[in-house]
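Participant: Residues in the sequence shown are numbered from 3 upward in steps of one, following the working numbering. Before we start, here is the structure in question, set down as structure tokens.
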Amino acid sequence: MTTTLIILALTVGLFVWGRVRSDIVALCALAALLALGILTPAEALAGFSSPIVAMMAGLFVVGGAILQTGLARSIGQRLMSLARGSETLTFLLLMLVTSVIGAFISNTGTVALMMPIVVSMAAQAGFQSSRM
């Protein structure tokens, strides 16, 4: 129990520190729990067998394709022209578009589709993407 809490504290600390990629931190925590015998191999790999993992991987591919094909940029430009340079109006338009998309697909899918659009819009307008 103590070992698990120490690994958890180190993992959270590394996530907060931000100097090490989060995927590497997570995999190292998993490997440490596995190497110390706290988790069995079946328990360690159980999360990867979920269909949600495959869906998220596919959605990230779709999100990357939206960015690479320029669709994110064109949608972003259209929304920016409607917002007329106002950060508040841009935020409200993004909320509207996101809620319409979210009514038809999962939350994870909505995030994967909207993330490249939001990043593209923020870059075009000079806004901080974290504020959107």
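The beta-carbon is built from N, C-alpha and C at its ideal position, and this holds for glycine as well.
Rounded to a whole number of angstroms, what is the C-alpha to C-alpha distance between Glu89 and Phe106?
Facilitator: 26 Å
Participant: Which full runs of the alpha helix (DSSP H) of 4+ residues lie inside the segment 55-132, going along the chain?
Facilitator: Counting only runs of 4 or more, we get 73-85, 89-104 and 109-127.
Participant: What whole-angstrom Cβ distance do Gly78 and Gln126 have, given they're in contact under 8 Å?
Facilitator: Taking a contact as a CB-CB distance under 8 Å, the pair Gly78 and Gln126 counts as one, their CB atoms being some 6 Å apart.
Participant: To the nearest angstrom, how far is it from the Cα of Ile68 to the Cα of Val99?
Facilitator: Their backbone Cα atoms lie some 16 Å apart in a straight line.
Participant: Would you mind sorting Pro43 into buried or exposed? The rule is 16 or more other CB atoms within 10 Å of its CB.
Facilitator: Label assigned to Pro43: exposed.
Participant: Between Ala37 and Val18, what straight-line distance do the alpha-carbon atoms span, to the nearest angstrom?
Facilitator: 24 Å
Participant: Which full runs of the beta strand (DSSP E) of 3+ residues lie inside the segment 28-55, going along the chain?
Facilitator: none
Participant: Give me the Cβ distance between Thr6 and Ile40, rounded to the nearest whole Å; I'm assuming they're in contact under 8 Å.
Facilitator: 6 Å
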